[in-house]
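A.B. asks: This is the structure, below, for whatever I ask next.
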Amino acid sequence: MTTAILSALPEEQSSLVALLQAPQRRVHAGRVFWTGMLHGKSVVLALSGIGKVAAATTATALIERFAAARIVFTGVAGGVGDGVRVGDVVVAQDYVQHDMDASPLFPRWELPGYARARLACDVALSALLLEAARACLVSAEGLFDPNNGHTAQQVHHGLMASGDRFVSAAHESDRLRTALREAGHDVLAVEMEGAAVAQVCLDYGVPFAAVRTISDRADDAAHGDFALFVQTVASRYADHMVQTFLQKL
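The numbering used here applies: residue 29 is where the sequence shown begins, and numbers increase by one.
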């Protein structure tokens, strides 16, 4: 059974590609896929691209062309939930598309044809990611936070939101969080791909889980924080958590 490891940016996956045993590079649908073995497990590594459409295309290719039996997404996100800080890790319990609005035909955020707004992640895979994330932060001893190495980071488990917009203004982040919370969707983090992959996996009956490291607070400093975090931190998080996850799988 092949496990697909999906990331949005090359910095989040470069070290994993270097560790592949018997690596093979394949190009399909304009994307590069790396197949091989990691910790005795058959894997395929791919970059989703940025945004929901790109991520959905990549997830579909992983399932149909590479026979992925499960998909795990690792990457970065903006923290919007109370107590979610830079350097923390969020393992998704479920996803909502924060830019989905087919009202008045359907309630805001509800996915037409699915009769729901939220898409659940696989419970068993998410539990393994939680274990891997906690082990990662224990071994890091807070050093993965570029701004405060003395503050212990935390692992959160809950709702993530995806949309085709990089949320990078405090007023926008506050408005988005408030609107979702008032509708019963208490979101912890926001990114641009996970909900699309969750929807594809639901359609195909493929287990899906996602873990995101908080790179910024989705506020006015998000652009600078994001760039620094991806360059200095994201690859170490992804490498440690994915390897630990595969060992536990």
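From the three backbone atoms N, C-alpha and C, an ideal C-beta is built for every residue, glycine too.
With respect to the alpha helix (DSSP H) encompassing Gly222, which residues constitute its N-terminal and C-terminal limits?
C.D. replies: On the sequence shown, residue 222 is found 194 positions in, with the first residue counted as 1. Here the alpha helix (DSSP H) through Gly222 covers Gly222 to Tyr232.
A.B. asks: Below 6 Å CB to CB, which residues in the same chain sit around Ala211 once its five sequence neighbours on both sides are set aside?
C.D. replies: To locate residue 211, count along the sequence shown from 1; it is residue 183. So no residue of the chain qualifies.
A.B. asks: Does DSSP put Phe257 in a helix, in a strand, or in coil?
C.D. replies: Counting from 1 along the sequence shown, the entry for residue 257 is found at position 229. DSSP places Phe257 in helix when its eight states are reduced to three.
A.B. asks: Please classify Phe94: does DSSP put it in a helix, a strand, or coil?
C.D. replies: The residue labelled residue 94 in the question sits at position 66 within the sequence shown. Here Phe94 sits in coil by DSSP.
A.B. asks: If you follow the alpha helix (DSSP H) that Arg162 is part of, which residue opens it and which one closes it?
C.D. replies: By one-based count along the sequence shown, residue 162 stands at place 134. From DSSP, the alpha helix (DSSP H) with Arg162 extends over Val151 to Ala168.
A.B. asks: Does DSSP classify His178 as helix, strand or coil?
C.D. replies: Here residue 178 refers to the residue found at position 150 when the sequence shown is read from its first residue. Per-residue confidence for His178 stands at a pLDDT of 46, beneath the threshold of 50, marking its modelled position as unreliable; the derived number appears in the next sentence. Reduced to three states, the DSSP call for His178 is coil.
A.B. asks: Rounded to the nearest angstrom, what separates Asp150 and Ser201 at their Cα positions?
C.D. replies: The sequence position of residue 150 within the sequence shown is 122, counting from 1. The sequence position of residue 201 within the sequence shown is 173, counting from 1. About 27 Å.
A.B. asks: Which word fits Val228, buried or exposed, when buried means at least 16 other C-beta atoms lie within 10 angstroms of its C-beta?
C.D. replies: Mapped onto the sequence shown, residue 228 falls at position 200. Result: buried.
A.B. asks: Express the C-alpha separation of Ile91 and Ala36 in angstroms, rounding to a whole number.
C.D. replies: As a working note, residue 36 is residue 8 in the sequence shown. As a working note, residue 91 is residue 63 in the sequence shown. Their Cα atoms are separated by approximately 17 Å.
A.B. asks: Considering only the beta carbon of each residue, do Asp192 and Gly79 sit closer than 8 Å?
C.D. replies: Within the sequence shown, numbered from 1, the residue matching residue 192 stands at position 164. Within the sequence shown, numbered from 1, the residue matching residue 79 stands at position 51. Cβ atoms of Asp192 and Gly79: closer than 8 Å.
A.B. asks: Any chance the region 121-128 sits against the region 93-108, with 3 or more Cβ pairs inside 8 Å?
C.D. replies: Too few Cβ pairs lie closer than 8 Å, so no.
A.B. asks: Can you tell me where the alpha helix (DSSP H) holding His268 begins and where it ends?
C.D. replies: Counting from one through the sequence shown, the residue named residue 268 turns up at place 240. Run containing His268: Ser263 to Lys276, per the alpha helix (DSSP H) assignment.
A.B. asks: Go through its chain and collect everything with a Cβ distance to Asp267's Cβ below 7 Å, but skip five positions before and after it.
C.D. replies: Here residue 267 refers to the residue found at position 239 when the sequence shown is read from its first residue. Answer for Asp267: Ser43 and Leu44, listed in chain order.
A.B. asks: How many angstroms separate the CA atom of Ala224 from the CA atom of Ala161?
C.D. replies: Numbered from 1 along the sequence shown, position 196 holds the residue referred to as residue 224. Numbered from 1 along the sequence shown, position 133 holds the residue referred to as residue 161. Using only the alpha carbons, I get a separation of about 23 Å.
A.B. asks: Ignore the nearest five residues each way along the sequence and tell me which others in Glu138's own chain have a CB closer than 8 Å to its CB.
C.D. replies: What you label residue 138 is simply residue 110 of the sequence shown in a count that begins at 1. Excluding positions up to five away in sequence, the list reads Met128, Ala130, Arg144 and Ala145.
A.B. asks: With distance defined between alpha-carbon atoms, name the residue in Ala189, Pro51 and Ala163 nearest to Ala273.
C.D. replies: The count along the sequence shown starts at 1 and reaches residue 273 at position 245. One point to set straight first is that residue 273 is Phe, not Ala, in the sequence displayed. The shortest C-alpha separation from Phe273 is found at Ala163.
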